[in-house]
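Student: Each protein sequence line maps, in turn, to chains A and B. Per our numbering, the very first residue in the first sequence carries number 50; after that it's consecutive. Per our numbering, the very first residue in the second sequence carries number 50; after that it's consecutive. Note that beta-carbon positions come from the ideal geometry of N, C-alpha and C, so glycine has one too. Mind having a look at this structure? Questions to follow.
Protein chains: 2
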Amino acid sequence: MTLTPYYKDGCSTIYHGEALTTIPNLEGLDAVITDPPYSSGGMFKNERSRPTVSKYVQSRTKAYRPEFAGDTRDQRGFLAWSTLWMTAAYHASVEKAHLLVFTDWRQLPTTTDAVQAAGWLWQGVNVWHKSTSRPRPNAFRSDAEFVVWATKGRMGKQDNKTATYSPGTLKASPPRERAHITQKPTEVLEWLMSLLPEDSLICDPFMGSGSTLLAAKNLGHRCIGVELSEEFCDHAVGWLKEPRGSGAH
Amino acid sequence: MTLTPYYKDGCSTIYHGEALTTIPNLEGLDAVITDPPYSSGGMFKNERSRPTVSKYVQSRTKAYRPEFAGDTRDQRGFLAWSTLWMTAAYHASVEKAHLLVFTDWRQLPTTTDAVQAAGWLWQGVNVWHKSTSRPRPNAFRSDAEFVVWATKGRMGKQDNKTATYSPGTLKASPPRERAHITQKPTEVLEWLMSLLPEDSLICDPFMGSGSTLLAAKNLGHRCIGVELSEEFCDHAVGWLKEPRGSGAH
DNA sequence: GCCGAGAATGAATCCATCC
DNA sequence: AGGATGGATTCATTCTCGG
């Protein structure tokens with residue numbers, strides 16, 4: 050089966066479609082960096098099944114943000130689904146490829162299970178410390194988002210001359226103006242790409258607004274984005290053509 | 050069975066013995082805050098009979114840990130053992146008590162499993178960002194230690210007047226002059242105690258050098274420490290009597 | 001250009017209320 | 001009764017704007 054790109058230029062490709070059916074058509078990936086739907090937002094079914102806008106957004110101005118799909122799975126469903134797409138990503142990747150998956154504290158153990166079930170070698174947990182989070186009385190604030198890091202096989206000997214050293218924890222605030230609820234600061238994505246050699250081929254199977262593609266472009270990598278919602282595909286295309294408000298300065 | 054304290058003063062009590070057999074004799078705990086051995090260290094005789102020098106020189110957190118993809122019996126053993134002491138701690142605690150357990154990334158999923166298996170309500174994952182870790186070439190540094198947070202039952206209504214707001218992520222380096230290698234910064238322990246009402250009863254079933262007892266004392270709480278190694282017990286007693294180099298300033 | 005004051009915001013959570 | 005909906009709450013940080 051041949052895929053038809055929704056958009057394509059020198060370094061960016063966007064496919065409009067489902068991750069599970071699209072990833073098996075890809076190959077030669079050096080890294081998979083993505084922020085899948087967490088299916089969090091509550092411990093109970095009725096809370097999870099609320100629309101993402103009402104689950105997650107609560108601001109006075111109520112800026113419009115599109116709904117995103119696939120956020121209603123229960124624990125077992127989330128594990129099974131995660132294992133499926135991660136297995137597909139594994140087969141589409143080259144040896145020693147990197148996998149970097151965002152998750153919140155509730156799904157962290159399930160995500161590490163899925164990563165390993167899919168054949169990846171779990172290497173660690175990175176922390177994105179976002180200082181702008183809502184306070185909770187008599188509780189610890191959940192002001193961290195986690196990134197499960199894994200590789201395809203062992204990394205082997207490294208040349209210390211050209212070696213890269215990256216922190217496992219980064220503090221950064223979400224961008225002021227976001228199209229997607231979960232839109233990441235470019236800084237965070239560039240951090241996660243810091244281990245990659247030049248001109249790597251990256252894939253983000255849950256592209257959203259397209260931050261991963263933009264960060265890859267900034268760093269001189271190629272990137273393939275997959276997104277189910279046409280609204281987000283549109284946004285990403287416009288953003289790639291004219292990255293206004295990209296947060297870069 | 051009545052326990053005989055190894056040491057006791059107004060706010061601190063130390064029992065020299067095993068956590069599993071000691072905790073069932075305790076009651077009325079408002080919080081359990083501890084850094085258990087991550088591997089099976091302390092569970093088996095060969096670990097316990099190691100020479101004093103290696104116990105003191107080698108950090109407990111750097112102890113041998115099984116390869117992840119390897120034999121899973123150690124993982125299962127760790128889960129079973131963790132569930133046992135956490136269950137005992139649950140029964141020794143009052144309603145709405147807090148549980149705060151240090152763990153590293155490898156044992157984080159097993160720890161959250163054990164916490165929930167023991168009946169505690171998992172509330173989140175705190176991050177201690179310690180900037181003093183060894184860099185690895187071509188890798189993300191593991192510069193974070195995790196703290197699994199849980200409570201005994203739901204927390205219910207909170208009074209907003211007297212409510213406490215605590216961060217979920219803290220950056221702190223170990224004090225330059227440490228009385229003991231395994232010592233955590235007092236700052237970190239005081240952070241974890243920040244949700245507790247005055248004069249709470251805390252328990253650290255894996256006391257080590259006694260940082261938890263010292264932090265509790267600083268904040269006006271009572272604390273019970275349990276420790277298998279007599280050397281550690283001795284050290285803690287000396288430290289409580291004269292807290293030189295405690296990191297407090 | 002730098003600094004200080006003021007405003008806006010958050011993958012939240014609890015709880016009352018309605019259907 | 002039980003599931004779904006909507007309102008109120010809160011502070012650290014960032015952003016904006018004016019002097």
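Give a yes or no on whether 7 Å exceeds the smallest Cβ distance from B:H229 to chain A.
Tutor: Cβ-Cβ to chain A under 7 Å: no for B:H229.
Student: Consult DSSP for B:L157 and reduce its assignment to one of helix, strand or coil.
Tutor: B:L157 falls in the helix class under three-state DSSP.
Student: For B:C272, which beta-bridge partners are listed by DSSP?
Tutor: Its beta-bridge partners are B:S61 and B:I251.
Student: What residue range does the beta strand (DSSP E) around B:G173 cover?
Tutor: Its beta strand (DSSP E) spans residues L170 to H178.
Student: Please list, in chain order, the residues of the region 208-235 of chain A that have any C-beta partner in chain B closer than 7 Å.
Tutor: Per Cβ criterion, the list reads N209, A212, T213, Y214, S215, P216, G217 and T218.
Student: Give a yes or no on whether 7 Å exceeds the smallest Cβ distance from B:R203 to chain A.
Tutor: By this cut-off, B:R203 is not an interface position.
Student: Taking A:A68 as part of the alpha helix (DSSP H), name the residues at either end of that continuous run.
Tutor: Unbroken alpha helix (DSSP H) run through A:A68: A68 to T71.
Student: Which residue marks the beginning of the alpha helix (DSSP H) containing B:S260, and which one marks its end?
Tutor: That run of the alpha helix (DSSP H) goes S260 to N267.
Student: Does B:K111 come within less than 7 Å of chain A when only Cβ atoms are used?
Tutor: Unreliable positioning characterises B:K111 in this predicted model, as indicated by a pLDDT of 42, which lies under 50. A coordinate reading is not provided.
Student: Would you tell me roughly how many angstroms separate the C-alpha atoms of A:C282 and A:D84, rounded to the nearest one?
Tutor: One C-alpha to the other measures close to 16 Å.
Student: State yes or no: is the beta carbon of B:P186 nearer than 7 Å to at least one beta carbon in chain A?
Tutor: Output row for B:P186: interface = yes.
Student: Which two residues bound the contiguous alpha helix (DSSP H) that contains A:K94?
Tutor: Unbroken alpha helix (DSSP H) run through A:K94: K94 to R97.
Student: Between A:G310 and A:W240, what straight-line distance do the alpha-carbon atoms span, to the nearest angstrom?
Tutor: Past the edges of chain A, shown from 50 to 298, lies residue 310 of chain A, and the structure says nothing about it.
Student: Indicate the three-state DSSP secondary structure (helix, strand or coil) for A:S131 in the structure shown.
Tutor: Reduced to three states, the DSSP call for A:S131 is helix.
Student: Is the CB of A:A167 under 7 Å away from at least one CB in chain B?
Tutor: Closer than 7 Å: no.
Student: Just tell me which of A:N187, A:I251 and A:T181 has its CA closest to the CA of A:S222.
Tutor: The shortest C-alpha separation from A:S222 is found at A:T181.
Student: Tell me which residues of the region 65-82 of chain A have at least one Cβ-Cβ distance to chain B shorter than 9 Å, keeping chain order.
Tutor: Flagged: no residues at all.
Student: Along the beta strand (DSSP E) that carries B:H147, what are the first and last residues, could you check?
Tutor: Where B:H147 is concerned, the enclosing beta strand (DSSP E) stretches over S142 to T152.
Student: Tell me, please, whether the CB atom of A:W288 is closer than 7 Å to any CB atom in chain B?
Tutor: A:W288 does not count as touching chain B.
Student: Kindly say whether A:G173, judged by its beta-carbon, lies nearer than 7 Å to any beta-carbon of chain B.
Tutor: It does; some Cβ of chain B falls within 7 Å.
Student: Among B:A212, B:K233, B:T213 and B:T211, which has the Cα closest to the Cα of B:K220?
Tutor: That would be B:K233, whose Cα lies nearest to the Cα of B:K220.
Student: May I ask which residues mark the beginning and end of the beta strand (DSSP E) holding A:F117?
Tutor: No beta strand (DSSP E) contains A:F117, which DSSP labels as neither H nor E.
Student: On the DSSP bridge list, what partners appear for B:L51?
Tutor: Note that residue 51 of chain B corresponds to Thr in the displayed sequence, not to Leu. Looking at the DSSP assignment, B:T51 forms no beta bridge with any residue, so it has no partner.
Student: So which of A:D58, A:G173, A:P100 and A:M256 has the shortest CA-CA distance to A:T121?
Tutor: Among A:D58, A:G173, A:P100 and A:M256, the Cα nearest to that of A:T121 belongs to A:P100.
Student: Secondary structure at B:V197, three-state DSSP: helix, strand or coil?
Tutor: Looking at B:V197 - three-state DSSP - the assignment turns out to be strand.
Student: B:A193 versus chain A: which residues are under 7 Å apart at the beta carbon?
Tutor: Neighbours of B:A193 on chain A, chain order: V176, G217 and T218.
Student: What residues in its chain sit with their C-beta under 7 Å from that of B:R51, if we drop five residues either side in the sequence?
Tutor: First, the residue type needs correcting, since residue 51 of chain B is Thr and not Arg in the sequence shown. Hits under 7 Å: none found.
Student: Going by DSSP in three states, B:T83 sits in which element: helix, strand or coil?
Tutor: Strand.
Student: Can the beta-carbon of A:L238 be found closer than 7 Å to that of A:S260?
Tutor: A contact, by the Cβ cut-off of 7 Å.
Student: Within its chain, find whatever has a CB closer than 8 Å to the CB of B:P73; leave out the 5 residues flanking it on each side and keep chain order.
Tutor: Counting only Cβ-Cβ distances below 8 Å, and skipping sequence neighbours, we find A137, H140 and A141.
Student: Which word fits B:T70, buried or exposed, when buried means at least 16 other C-beta atoms lie within 10 angstroms of its C-beta?
Tutor: So B:T70 ends up on the exposed side.
Student: Note down, in chain order, each residue of its chain lying with its Cβ closer than 7 Å to the Cβ of A:R190, except the 5 sequence neighbours on either side.
Tutor: The residues are S182 and P184.
Student: Taking 7 Å as the CB-CB cut-off, is A:P246 touching chain B?
Tutor: So no, A:P246 is outside the interface.
Student: By the three-class DSSP mapping on this structure, what secondary structure does B:S215 have?
Tutor: The answer is strand: DSSP assigns B:S215 an E or B state.
Student: First and last residue of the alpha helix (DSSP H) that includes B:H284?
Tutor: E279 to K290 is the span of the alpha helix (DSSP H), which, as asked, contains B:H284.
Student: Taking 7 Å as the CB-CB cut-off, is A:F189 touching chain B?
Tutor: Output row for A:F189: interface = yes.
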